[in-house]
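A.B. asks: In this note's numbering, the protein residues as written are 1295 to 1466.
Using N, Cα and C, we set each Cβ at its ideal position, and we do this for glycine too.
In structure tokens:
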């Protein structure tokens, strides 16, 4: 249903298009490529960034989350995961990195399932061999003390000790 209007532009169903757009669409159809305009709008809630889907938020003008984060949840998940996974193990340098990764993924997945909105999670687990030496860990944070939270747990066995940390930050 292509027609020409009074100014010589081609129209499709009373929508005026520039001739170069129509030529591009025809060239794409001939070459078998997908059209640059397929009649669909991009998603308003998700955007694809290098193959990953990331949420795209519109301004809600809401300052507080609908479901505020409960601090006891991260403490409970961290203690349970570390105690369950590391109980009665012996330190092995080759397996320690995998243990840290497994515990961190387990805690992160449990936190994601809780559906607290407007928060981001950071979970780190470190395992150190117990060789009768001291260790000092120092961290600095710059955040809002009313909305952000950090939980720690230290799990000790005979041959090693593990330090787990969950950082929960408010995300607008």
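When DSSP labels each residue in this structure, what does residue 1371 get in the three-state scheme?
C.D. replies: In the structure shown, residue 1371 sits in a helix (DSSP, three-state: H, G or I).
A.B. asks: Taking the C-alpha atoms as reference points, what is the distance between residue 1382 and residue 1451?
C.D. replies: Cα-Cα distance, rounded: 7 Å.
A.B. asks: Whether or not the region 1418-1430 and the region 1388-1408 are in contact is what I'm after, with contact meaning three or more pairs of Cβ atoms, one per stretch, closer than 8 Å; do they touch?
C.D. replies: Judged by Cβ distances under 8 Å, the region 1388-1408 makes contact with the region 1418-1430, as three or more pairs qualify.
A.B. asks: My output table needs one value for residue 1390: the three-state DSSP class, helix, strand or coil.
C.D. replies: Reduced to three states, the DSSP call for residue 1390 is helix.
A.B. asks: Quick one: using the 10 Å Cβ neighbour count with 16 as the cut-off for buried, is residue 1427 buried or exposed?
C.D. replies: Residue 1427 should be labelled exposed.
A.B. asks: When we look at the beta-carbon of residue 1380 and count the other beta-carbons within 10 Å, is it buried (16 or more) or exposed?
C.D. replies: Buried, because 16 or more other Cβ atoms sit within 10 Å of the Cβ of residue 1380.
A.B. asks: With three or more beta-carbon pairs closer than 8 Å as the criterion, would you say the region 1357-1372 touches the region 1431-1438?
C.D. replies: These segments do not touch.
A.B. asks: Span of the beta strand (DSSP E) holding residue 1463?
C.D. replies: Per DSSP, residue 1463 belongs to the beta strand (DSSP E) from 1454-1464.
A.B. asks: On the criterion of 16 or more Cβ atoms from any shown chain inside 10 Å, does residue 1372 qualify as buried, or is it exposed?
C.D. replies: The residue is buried, with at least 16 neighbouring Cβ atoms inside 10 Å.
A.B. asks: With respect to the beta strand (DSSP E) encompassing residue 1423, which residues constitute its N-terminal and C-terminal limits?
C.D. replies: Unbroken beta strand (DSSP E) run through residue 1423: 1413-1423.
A.B. asks: Taking only the alpha-carbon atoms, compute the straight-line gap between residue 1355 and residue 1424 and give it to the nearest angstrom.
C.D. replies: Using only the alpha carbons, I get a separation of about 51 Å.
A.B. asks: What's the gap between the Cα of residue 1432 and the Cα of residue 1404?
C.D. replies: So the two alpha carbons sit approximately 27 Å from each other.
A.B. asks: Going by DSSP, which residues form a beta bridge with residue 1443?
C.D. replies: In the DSSP output, where bridge partners are listed per residue, residue 1443 has 1462.
A.B. asks: Could you check whether residue 1460 and residue 1401 sit closer than 8 Å to each other, using their CB atoms as the reference points?
C.D. replies: Yes. Within cutoff.
A.B. asks: With a threshold of 6 Å on Cβ separation, who are the neighbours of residue 1444 within its own chain once the five nearest residues in sequence on each side are excluded?
C.D. replies: Only 1461 meet the Cβ criterion.
A.B. asks: What does the Cβ neighbour count give for residue 1368, buried or exposed, with the cut at 16 atoms within 10 Å?
C.D. replies: By the 10 Å Cβ count, residue 1368 comes out buried.
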